[in-house]
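Read top to bottom, the protein sequences are chains A and B. Take 148 as the starting number for the first sequence in our numbering and just add one per residue. Take 148 as the starting number for the second sequence in our numbering and just add one per residue. Shown next, in structure tokens, is the structure this report addresses.
2 protein chains.
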Amino acid sequence: MIPNAFLNDLFKAAVAAADPARCVPPHLPEPPKGRTIVVGAGKAAAAMAKAVEDNWSGPLEGLVVTRYGHGAPCRHIEAVEASHPVPDSAGREASDRILKMVGGLTADDLVLCLISGGGSALLAAPAPGLTLEDKRGVTARLLRSGATISEINCVRKHLSAIKGGRLAMACAPARVVTLAISDVPGDDLSAIASGPTVADPTSFADALAVLAAYRIEEPRDVLAHLKAAAEETPKPGDPRLARVETKLIATPQDSLEAAARVAREAGVTPVILGDSIEGEARDIALMHAGIARQVARHGQPTPAPAVLLSGGETTVTVRGEGRGGRNAEFLLALTADLAGAPRIHALACDTDGIDGTEDNAGALAGPDTLARAEALGLDARASLTNNDGYGFFSKLGDLIITGPTRTNVNDFRAILIAGDPKP
Amino acid sequence: MIPNAFLNDLFKAAVAAADPARCVPPHLPEPPKGRTIVVGAGKAAAAMAKAVEDNWSGPLEGLVVTRYGHGAPCRHIEAVEASHPVPDSAGREASDRILKMVGGLTADDLVLCLISGGGSALLAAPAPGLTLEDKRGVTARLLRSGATISEINCVRKHLSAIKGGRLAMACAPARVVTLAISDVPGDDLSAIASGPTVADPTSFADALAVLAAYRIEEPRDVLAHLKAAAEETPKPGDPRLARVETKLIATPQDSLEAAARVAREAGVTPVILGDSIEGEARDIALMHAGIARQVARHGQPTPAPAVLLSGGETTVTVRGEGRGGRNAEFLLALTADLAGAPRIHALACDTDGIDGTEDNAGALAGPDTLARAEALGLDARASLTNNDGYGFFSKLGDLIITGPTRTNVNDFRAILIAGDPKP
Numbered sequence: 148m149i150p151n152a153f154l155n156d157l158f159k160a161a162v163a164a165a166d167p168a169r170c171v172p173p174h175l176p177e178p179p180k181g182r183t184i185v186v187g188a189g190k191a192a193a194a195m196a197k198a199v200e201d202n203w204s205g206p207l208e209g210l211v212v213t214r215y216g217h218g219a220p221c222r223h224i225e226a227v228e229a230s231h232p233v234p235d236s237a238g239r240e241a242s243d244r245i246l247k248m249v250g251g252l253t254a255d256d257l258v259l260c261l262i263s264g265g266g267s268a269l270l271a272a273p274a275p276g277l278t279l280e281d282k283r284g285v286t287a288r289l290l291r292s293g294a295t296i297s298e299i300n301c302v303r304k305h306l307s308a309i310k311g312g313r314l315a316m317a318c319a320p321a322r323v324v325t326l327a328i329s330d331v332p333g334d335d336l337s338a339i340a341s342g343p344t345v346a347d348p349t350s351f352a353d354a355l356a357v358l359a360a361y362r363i364e365e366p367r368d369v370l371a372h373l374k375a376a377a378e379e380t381p382k383p384g385d386p387r388l389a390r391v392e393t394k395l396i397a398t399p400q401d402s403l404e405a406a407a408r409v410a411r412e413a414g415v416t417p418v419i420l421g422d423s424i425e426g427e428a429r430d431i432a433l434m435h436a437g438i439a440r441q442v443a444r445h446g447q448p449t450p451a452p453a454v455l456l457s458g459g460e461t462t463v464t465v466r467g468e469g470r471g472g473r474n475a476e477f478l479l480a481l482t483a484d485l486a487g488a489p490r491i492h493a494l495a496c497d498t499d500g501i502d503g504t505e506d507n508a509g510a511l512a513g514p515d516t517l518a519r520a521e522a523l524g525l526d527a528r529a530s531l532t533n534n535d536g537y538g539f540f541s542k543l544g545d546l547i548i549t550g551p552t553r554t555n556v557n558d559f560r561a562i563l564i565a566g567d568p569k570p
Numbered sequence: 148m149i150p151n152a153f154l155n156d157l158f159k160a161a162v163a164a165a166d167p168a169r170c171v172p173p174h175l176p177e178p179p180k181g182r183t184i185v186v187g188a189g190k191a192a193a194a195m196a197k198a199v200e201d202n203w204s205g206p207l208e209g210l211v212v213t214r215y216g217h218g219a220p221c222r223h224i225e226a227v228e229a230s231h232p233v234p235d236s237a238g239r240e241a242s243d244r245i246l247k248m249v250g251g252l253t254a255d256d257l258v259l260c261l262i263s264g265g266g267s268a269l270l271a272a273p274a275p276g277l278t279l280e281d282k283r284g285v286t287a288r289l290l291r292s293g294a295t296i297s298e299i300n301c302v303r304k305h306l307s308a309i310k311g312g313r314l315a316m317a318c319a320p321a322r323v324v325t326l327a328i329s330d331v332p333g334d335d336l337s338a339i340a341s342g343p344t345v346a347d348p349t350s351f352a353d354a355l356a357v358l359a360a361y362r363i364e365e366p367r368d369v370l371a372h373l374k375a376a377a378e379e380t381p382k383p384g385d386p387r388l389a390r391v392e393t394k395l396i397a398t399p400q401d402s403l404e405a406a407a408r409v410a411r412e413a414g415v416t417p418v419i420l421g422d423s424i425e426g427e428a429r430d431i432a433l434m435h436a437g438i439a440r441q442v443a444r445h446g447q448p449t450p451a452p453a454v455l456l457s458g459g460e461t462t463v464t465v466r467g468e469g470r471g472g473r474n475a476e477f478l479l480a481l482t483a484d485l486a487g488a489p490r491i492h493a494l495a496c497d498t499d500g501i502d503g504t505e506d507n508a509g510a511l512a513g514p515d516t517l518a519r520a521e522a523l524g525l526d527a528r529a530s531l532t533n534n535d536g537y538g539f540f541s542k543l544g545d546l547i548i549t550g551p552t553r554t555n556v557n558d559f560r561a562i563l564i565a566g567d568p569k570p
């Protein structure tokens with residue numbers, strides 16, 4: 148077995164399991180008596196729209212919004228590209244057009260809503276009276292405050308004309324079928340793209356409590372809007388959502404399982420550690436390294452050959468001036484800690500094909516990485532201090548570059564502990 | 148099964164596996180023709196000395212140094228208490244007396260050297276011409292510099308009259324049998340208590356290179372001593388260490404295995420994740436929480452009922468004003484992240500019985516911890532921000548208080564994912 152080829156096969160299997168061309172068709176409903184409108188947002192939105200077109204019998208129209216560079220060639224559905232993670236006017240205009248498009252439908256019509264990670268920033272429709280600038284201002288303050296992602300989403304849903312179930316309300320009385328690709332812990336439907344067709348258990352009062360807890364008193368317009376509490380998001384059980392059906396068509400866990408099957412076929416025992424691992428990338432790397440050593444040294448939790456698989460989303464506290472996303476940082480910390488340990492090879496990639504804001508999906512590392520780096524005058528610990536995972540693996544020629552995969556089930560990590568060649 | 152009682156049983160089994168009364172006797176050598184001198188240092192040193200006394204036939208004499216509060220009643224061997232982790236004059240005097248005691252022995256004599264974690268600070272014997280203050284000064288600078296523990300130990304061994312194999316050299320021509328209880332990753336014998344009887348592969352030049360790499364130019368006496376390079380530590384293969392034999396009598400892994408046996412007997416599948424997990428406590432907690440959720444949600448890496456077991460040593464970057472060691476911090480972060488997840492119970496303790504500088508070994512947490520805390524007006528995230536794990540679990544009455552256990556195989560964590568009562 149060639150370790151890098153094996154790890155690459157696992158990553159490809161993980162991405163393939165979430166490929167819209169593969170996971171959309173089995174979940175398509177019967178065409179309706181009336182019109183079919185396709186809307187959606189997220190890094191997979193254009194590819195999902197294309198998968199609908201390729202497998203639909205009957206007329207179709209609609210508009211989806213995806214990230215710049217994540218488009219796909221559609222014939223009947225317009226696929227707009229917009230900015231992520233910071234929303235721009237392209238996303239704003241697309242969102243407004245989506246809301247108009249689903250207005251005035253009848254009970255005979257069907258809205259197909261295609262949702263995936265990244266949709267929250269792409270569906271940028273401020274509530275009436277608010278500006279994109281207002282929303283950006285409060286989001287930036289919340290991100291710095293230490294608020295949790297669910298607290299941030301609670302506020303966002305109450306500043307939006309489209310999130311937190313409001314898109315579904317706009318579709319009534321048409322039937323709504325939402326197909327969702329999950330990139331969130333626990334596959335919480337109300338969290339993927341801030342749940343535009345999903346009931347929202349939180350209230351204006353909750354949103355105000357979040358701002359109070361983190362002592363956020365600006366922008367003024369935002370606070371005034373929340374206090375006015377004009378139109379609440381639909382709550383679970385709301386009859387206006389009675390004709391909405393949501394199907395989870397791909398998840399991080401599905402992708403880990405797909406990689407696990409490939410490993411098993413190659414005679415390597417897969418150990419799925421978790422589909423939603425969070426935490427600082429370099430510390431999460433130390434723990435992965437610790438488990439890898441346990442496999443190598445003690446045959447626990449399973450004997451080698453084994454591959455540790457995990458998903459989720461790590462974070463990077465940037466202190467240096469280097470380049471690179473969380474997967475390169477993870478892999479760099481892992482490499483430094485394993486210090487050339489024999490027979491341990493690793494891959495860390497973002498399944499959307501873009502690690503942070505660079506052009507790589509992630510990178511590969513193995514027992515010889517440190518020695519090869521040293522020969523080039525590269526110091527792993529110094530690179531890590533400088534948050535320069537991209538620079539480190541780029542100089543080694545060990546980046547994985549796929550381009551946008553047009554799907555997103557968050558991070559994918561695989562650590563192979565190969566068997567002893569002659570035990 | 149009562150989860151807290153079960154977790155406590157695992158912890159007790161882990162500590163019992165490293166109890167000197169249990170693990171010293173099987174490794175005692177035959178009494179020698181000549182004298183038997185017992186020396187040693189570490190948190191387990193007094194208990195190890197007592198275990199020798201209780202199982203030795205023939206005359207005995209000696210001196211061991213342990214941490215304040217970790218003493219044990221010995222009859223023939225003097226057990227001195229001294230300061231840890233910052234060395235004091237009690238440790239310094241004891242170290243000097245140990246060196247004198249092993250001087251002038253013959254080939255018929257035996258030195259039993261009892262080594263355990265903490266011994267490095269307790270064996271405080273600066274090399275001739277240096278003061279304790281010099282050593283403290285450079286150690287403090289190194290700790291702040293980001294140097295690795297092996298880099299720090301390289302410097303320390305070259306500033307010491309006793310570390311890095313120098314104690315063994317002082318014992319020659321007597322036979323030396325070292326019994327060691329490991330608290331270090333990989334059970335590296337040269338790292339436990341800075342290996343007073345173990346060959347040291349590093350040199351004065353290496354020590355100077357470490358100081359240069361971290362731009363440490365003080366204290367002057369320390370640099371002068373390293374540059375003078377008067378007497379090198381013994382290297383692997385040094386004939387002066389030919390009569391030294393070292394036995395690892397207890398390890399973190401042994402303790403995890405002991406806990407795993409207790410779990411298995413109770414019908415709970417043990418998953419040993421690693422005996423040497425390192426990293427920031429709160430992030431390592433997030434990863435443990437992620438794996439626990441994977442067991443609960445997907446039955447991976449094994450179905451519930453299961454218990455995740457891990458050892459090693461996490462770190463805490465102190466930013467708040469609260470109290471508590473790394474185990475309380477770990478458990479607090481775990482509790483906040485699991486957010487009351489049903490059927491998940493956890494214990495985190497230091498096997499030496501002292502978590503940081505408090506009076507507790509660690510604490511317990513379960514699904515009702517957050518709700519009980521809330522009822523007392525305690526906020527887990529706020530307590531975590533304040534590094535106040537001790538305050539949090541103390542107010543809940545959930546501390547585990549054992550007092551010093553007189554052994555040390557580092558941290559012990561157990562996370563039980565109980566089975567579904569009615570599947």
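For glycine and all other residues, C-beta sits at the position ideal for the given N, C-alpha and C.
Do the CB positions of residue i and residue j come within less than 8 Å of each other?
i: B/P579; j: B/R553; result: Any answer about residue 579 of chain B is impossible in this case: the structure gives chain B only from 148 up to 570.
i: B/I296; j: A/G437; result: no
i: B/L531; j: B/A475; result: no
i: B/V171; j: B/V199; result: yes
i: A/R303; j: A/T286; result: yes
i: B/T344; j: B/T393; result: yes
i: B/V418; j: B/P450; result: no
i: A/G238; j: A/K190; result: no
i: A/P178; j: A/G205; result: yes
i: B/L279; j: B/A192; result: no
i: B/I184; j: B/L252; result: yes
Express the C-alpha separation of residue j and residue i in angstroms, rounding to a whole number.
i: A/E364; j: B/E460; result: 41 Å
i: A/A254; j: A/L326; result: 20 Å
i: B/I548; j: A/G458; result: 37 Å
i: A/L246; j: A/V258; result: 12 Å
i: B/N557; j: B/G467; result: 24 Å
i: B/A510; j: B/N155; result: 10 Å
i: A/V249; j: A/F477; result: 43 Å
i: A/Y537; j: A/K159; result: 21 Å
i: A/L403; j: A/G524; result: 36 Å
i: A/I431; j: B/G426; result: 8 Å
i: B/E521; j: A/D235; result: 41 Å
i: A/Y361; j: A/L336; result: 26 Å
Between residue i and chain B, is any beta-carbon pair separated by less than 8 Å?
i: A/L399; result: The amino acid at residue 399 of chain A is misidentified as Leu; the sequence shows Pro. Output row for A/P399: interface = no.
i: A/G414; result: no
i: A/R440; result: yes
i: A/L479; result: no
i: A/M434; result: yes
Is residue i close to chain A, meaning its C-beta is less than 8 Å from at least one C-beta of that chain?
i: B/H445; result: yes
i: B/P448; result: yes
i: B/G437; result: yes
| message | Taking beta-carbon pairs under 7 Å, can you tell me which members of the segment 416 to 431 of chain B lie near chain A? | response | V418, I419, L420, G421, D422, S423, I424, E425, G426, E427, D430, I431
| message | Output needed in chain order: residues of the segment 452 to 471 of chain A with a Cβ under 7 Å from some Cβ in chain B. | response | G459
| task | Entirely within the segment 306 to 382 of chain A and at least 4 residues each: give me those alpha helix (DSSP H) ranges in chain order. | result | 313 to 318, 351 to 360, 367 to 375
| message | Runs of 3 residues minimum, wholly inside the segment 406 to 448 of chain B: which ones carry the beta strand (DSSP E) assignment? | response | 416 to 427
| task | Go through the segment 279 to 304 of chain B residue by residue and report every complete run of the alpha helix (DSSP H) that reaches 4 residues or more, in order. | result | 279 to 292, 296 to 304
| said: Extract the residue ranges of the alpha helix (DSSP H) inside the segment 215 to 255 of chain A, only unbroken runs of 4 or more that lie entirely within it. | reply: 236 to 248
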